[in-house]
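Numbering (the numbering used here), first residue to last: 10 to 361. Every residue, glycine too, gets a C-beta built ideally from N, C-alpha and C. See structure below.
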């Protein structure tokens with residue numbers, strides 16, 4: 010019996026089986042094609058969904074970072090305006106959230122295969138830390154300066170400024186010196202003319218001097234010497250008006266010399282105006298924070314110091330003034346130095 014060759018069995022089949030086999034093969038191929046299509050469609054849909062999830066996740070974290078940064082700047086500005094430390098932990102919390110959100114964004118970017126987003130997340134984290142470090146340094150500098158007018162360097166130099174103002178009132182005897190000169194003028198006019206007119210003017214001048222002396226806020230010791238000298242001057246003047254003797258007039262001159270010496274022991278001409286000008290420059294600096302007004306303040310400090318040192322006043326008054334002036338300048342030095350730190354950190358914060 011002769012063997013059939015490969016595939017001869019199909020040739021020997023009738024038409025109907027052949028058609029059935031053909032249809033079956035086509036159906037099988039169709040099923041395979043459908044399966045491949047379904048698999049491809051499912052894979053594509055899954056990939057698209059994952060891509061969409063990644064994109065939405067990145068967008069959400071980026072939005073959260075933006076919101077937290079805006080909130081951080083708001084807390085920063087509130088602190089700068091109100092000088093209230095309650096805004097410091099709020100700002101730190103904002104930065105913490107920024108870093109956390111950026112970390113999550115980086116993880117999603119890594120899964121999605123977005124190296125540029127991973128790099129951006131690292132930059133955000135780095136800049137957030139720089140921002141936070143500079144804000145903390147700025148806050149420290151503001152606290153050293155003084156969060157209100159009674160604390161820190163600001164409170165210290167204000168206290169010394171108040172002492173300088175009090176000292177100025179104690180040493181500003183310009184009006185009293187004028188009264189003294191007026192009194193001596195009428196004294197000499199009366200001595201020369203013995204006129205009732207000048208006698209009356211002299212008496213009025215002595216009364217004016219005494220009236221100005223009583224409320225004067227000057228050094229207690231100096232005031233005591235002036236009061237003692239004025240009392241002796243008045244008694245001698247009354248005797249001289251009755252006697253006209255040289256001895257009584259010499260007593261007047263001696264008492265006048267004691268008054269003048271007591272005044273000159275404390276007199277610093279125009280010191281009140283100098284001190285007021287110092288406070289003006291100080292206020293200008295506090296309002297504007299510019300170097301121009303800092304230089305004017307320092308120049309006025311030197312002017313006041315030189316005014317005290319140049320006068321022939323008692324050494325104890327020079328020493329007291331020097332202590333107050335030095336205390337004021339040291340506190341103002343601290344304020345100016347901290348302002349520079351604030352400015353530097355503020356620039357770094359803005360850049361970050």
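| message | Give me the residue from 276, 240, 274 and 300 with the minimum Cα distance to residue 260. | response | Put simply, of 276, 240, 274 and 300 the residue whose alpha carbon is nearest the alpha carbon of residue 260 is 240.
Quick check on DSSP: helix, strand or coil for residue 320? Correct three-state label for residue 320: coil.
Can you tell which of 324, 323 and 279 has its C-alpha closest to the C-alpha of residue 174? For the residues 324, 323 and 279, the minimum Cα distance to residue 174 belongs to 279.
| query | So, helix, strand or coil for residue 182, using DSSP? | reply | Three-state DSSP puts residue 182 in coil, outside helix and strand.
Open item on the list: On the CB-based measure, 16 or more other CB atoms within 10 Å of its CB, does residue 189 come out buried or exposed?
Closed with: Buried, since its Cβ has 16 or more Cβ neighbours within 10 Å.
Is the CB-CB distance between residue 287 and residue 320 below 8 Å?
Result no, Cβ atoms of residue 287 and residue 320 do not sit closer than 8 Å.
Query - For residue 258 and residue 200, believed in contact at Cβ under 8 Å, the rounded distance - result: So it is a contact: roughly 6 Å between Cβ atoms.
>> For residue 141, count the other beta carbons within 10 Å of its own beta carbon; 16 or more makes it buried, fewer makes it exposed. Which is it?
In response: The Cβ neighbour count for residue 141, taken over all protein chains shown within 10 Å, is at least 16; the residue is labelled buried.
Just tell me which of 344, 129 and 204 has its CA closest to the CA of residue 161.
Ranking the options by Cα distance to residue 161, first place goes to 344.
message: Going by DSSP in three states, residue 360 sits in which element: helix, strand or coil?
response: Residue state, collapsed to three classes: helix.
Check your understanding: Using a Cβ-Cβ cut-off of 8 Å (strictly less than) and excluding sequence neighbours within five positions of residue 361, which residues of its own chain qualify?
Key -> Closer than 8 Å at the Cβ level, and outside the excluded window around residue 361, lie 136, 137, 139, 140 and 143.
Let's see if you can read the secondary structure: which residues bound the alpha helix (DSSP H) around residue 268?
Start and end: 255–273.
Exercise. Starting from the C-beta of residue 206, find all residues in its chain whose C-beta is less than 8 Å away, skip the five residues before and the five after it, and write them out in chain order.
Key: Around residue 206: no qualifying Cβ.
Practice task
Determine the DSSP secondary structure at residue 168, reduced to helix, strand or coil.
Solution key: Under the three-state reduction of DSSP, residue 168 is assigned to helix.
Item checked: Exposed unless 16 or more other CB atoms sit within 10 angstroms - verdict on residue 125 -> Exposed, since its Cβ has fewer than 16 Cβ neighbours within 10 Å.
Ignore the nearest five residues each way along the sequence and tell me which others in residue 182's own chain have a CB closer than 7 Å to its CB.
-> Same-chain partners within the cutoff: 227, 272, 275 and 276.
Using CA coordinates, which residue listed in 300, 242, 131 and 218 is at the minimum distance from residue 263?
Looking at 300, 242, 131 and 218, the one whose alpha-carbon comes closest to that of residue 263 is 242.
*asked:* Using the Cβ count rule (16 or more neighbours within 10 Å means buried), how would you classify residue 354?
replied: Counting of Cβ neighbours within 10 angstroms places residue 354 among the buried residues, the total reaching 16 or more.
Does DSSP put residue 114 in a helix, a strand or coil? Helix.
Same chain, Cβ closer than 8 Å to residue 130, neighbours up to 5 away in sequence not counted | Cβ within range, chain order: 111, 112, 114, 115 and 118.
Short of 7 Å in beta carbon distance, which residues of its chain neighbour residue 318, apart from the five on each side in sequence? Order them along the chain. The residues are 327.
Quiz prompt | Alpha-carbon to alpha-carbon, residue 342 and residue 335 | solution = The alpha-carbon atoms of residue 335 and residue 342 are separated by roughly 10 Å.
Run of the alpha helix (DSSP H) containing residue 290, from where it starts to where it stops: Looking at the DSSP string, the run of the alpha helix (DSSP H) that includes residue 290 is 280–297.
- Query: From residue 299 to residue 270, what does the alpha carbon distance come to, in whole angstroms?
  - Reply: Computed Cα separation, rounded: 44 Å.
* To do: Pick helix, strand or coil for residue 345, following the three-state DSSP scheme.
  => Here residue 345 sits in helix by DSSP.
(Q) So residue 151 and residue 351 are supposed to be a Cβ contact under 8 Å. How far apart are they, rounded? (A) Correct: roughly 6 Å between the Cβ atoms.
| said: Quick test of your reading: residue 145 and residue 103, contact by CB under 8 Å. State the CB separation rounded to the nearest angstrom. | reply: Taking a contact as a CB-CB distance under 8 Å, the pair residue 145 and residue 103 does not count as one, their CB atoms being some 13 Å apart.
Quick one: give me the first and last residue of the alpha helix (DSSP H) that residue 132 is part of. Per DSSP, residue 132 belongs to the alpha helix (DSSP H) from 124–154.
- Message: Can you give me the C-alpha to C-alpha distance between residue 301 and residue 348, rounded to a whole angstrom?
- Response: Straight-line measurement puts the Cα of residue 348 at about 14 Å from the Cα of residue 301.
Close beta carbons around residue 120, own chain, < 8 Å, minus the five adjacent residues each side: Counting only Cβ-Cβ distances below 8 Å, and skipping sequence neighbours, we find 63.
Please classify residue 276: does DSSP put it in a helix, a strand, or coil? Note: residue 276 maps to coil in three-state DSSP.
*Just the Cα atoms here: how many angstroms apart are residue 250 and residue 283?*
If you take the alpha carbons of residue 250 and residue 283, they lie about 42 Å apart.
Legend entry - Simplified DSSP state of residue 94, which is helix, strand or coil: The three-state reading of DSSP puts residue 94 in coil, since its state is none of H, G, I, E or B.
Considering only residues of the same chain and omitting the five flanking positions on each side of residue 330, which have a CB-CB separation below 7 Å?
-> Taken in chain order, the residues that qualify are 176 and 317.
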